[in-house]
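Q: Sequential numbering of the sequence shown, starting at 0, is according to numbering that gives the first Met the number 0. C-beta atoms are modelled at their ideal positions from N, C-alpha and C, and glycine is treated no differently. Just dropping this structure here.
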Amino acid sequence: MSKCPKCGKELKRIKQNSGVAYCCINCDYSVATTDLDPIFEDQQEYTITLLPNNSINKDILKIISSITNLNYIDCKKMVEKAPSIIFKGDATDAKDVKAKLDNNNIKYSIEPLFIY
Ligand SMILES: [Zn+2]
0 MSKCPKCGKE LKRIKQNSGV AYCCINCDYS VATTDLDPIF EDQQEYTITL LPNNSINKDI
60 LKIISSITNL NYIDCKKMVE KAPSIIFKGD ATDAKDVKAK LDNNNIKYSI EPLFIY
């Protein structure tokens with residue numbers, strides 16, 4: 000499920016005659032598919048896998064912890080035992096995770112092909 004760009008809550012998908020609209024469950028945000036960023040249309044589940052040979056330091060563990068909600072010890076194990084799956088979710092969330100990983104030079108892969 001996609002997230003509201005205004006408040007971050009879930010967007011509800013509503014079928015209309017002309018297509019599909021997304022309405023926020025929390026605020027007044029709503030948008031029709033015609034002027035929608037294609038990332039919101041993407042219903043695929045993406046898997047982000049941590050690749051081997053990442054360095055293990057506090058900054059990297061902090062990033063992985065923020066993605067997985069696991070503690071540093073479990074995150075350290077994930078880095079050591081890589082390849083490890085650290086994320087499964089929709090395109091909008093995958094984009095956030097990808098940005099965090101890119102910003103910290105963490106090696107990863109995304110399946111299926113991620114175009115955003
Ligand atoms: Zn909202």
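Just list the residues that DSSP pairs Tyr107 with in beta bridges.
A: Indexing the sequence shown from 1 puts residue 107 at position 108. Paired residues: Leu49.
Q: In the structure shown, what three-state DSSP assignment does Lys11 receive?
A: What you label residue 11 is simply residue 12 of the sequence shown in a count that begins at 1. DSSP places Lys11 in strand when its eight states are reduced to three.
Q: Considering only heavy atoms of ligand 1 and the C-beta of each residue, which residues fall inside 6 Å, strictly closer?
A: That gives Cys3, Lys5, Cys6, Lys8, Cys23, Asn25, Cys26 and Tyr28.
Q: Kindly indicate which residue of Asp95, Val19 and Ser64 has the alpha-carbon position closest to the one of Gly7.
A: Within the sequence shown, numbered from 1, the residue matching residue 7 stands at position 8. Minimum Cα distance to Gly7 is reached at Asp95.
Q: Going by other Cβ atoms of all chains shown within 10 Å of its Cβ, with 16 needed for buried, is Ala93 buried or exposed?
A: Within the sequence shown, residue 93 is the residue found at index 94, counting from 1. Classification for Ala93: buried.
Q: Considering only the beta carbon of each residue, do Asn89 and Tyr45 sit closer than 9 Å?
A: One-based indexing of the sequence shown puts residue 89 at position 90. One-based indexing of the sequence shown puts residue 45 at position 46. Before going on, a small fix: residue 89 reads as Asp here, not Asn. Going by C-beta atoms, Asp89 is nearer than 9 Å to Tyr45.
Q: Cys3 by DSSP, collapsed to three states: which one?
A: By 1-based counting over the sequence shown, the position of residue 3 is 4. In the structure shown, Cys3 sits in coil (DSSP, three-state: anything other than H, G, I, E or B).
Q: By Cβ distance below 6 Å, which residues in the same chain neighbour Ile62 in space, the five residues on each side in sequence not counted?
A: Taking the sequence shown and counting its residues from 1, one reaches residue 62 at position 63. Sequence-distant partners of Ile62 (beyond 5 residues in either direction) whose C-beta falls short of 6 Å from its own C-beta, in its chain, are Lys99 and Asn103.
Q: Determine, using beta carbons only, whether Lys49 and Lys87 come nearer to each other than 9 Å.
A: Position 50 of the sequence shown, counted from the start, is the residue given in the question as residue 49. Position 88 of the sequence shown, counted from the start, is the residue given in the question as residue 87. Before going further, note that residue 49 is Leu rather than Lys in the sequence given. Taking 9 Å as the Cβ cut-off, Leu49 and Lys87 do not qualify as a contacting pair.
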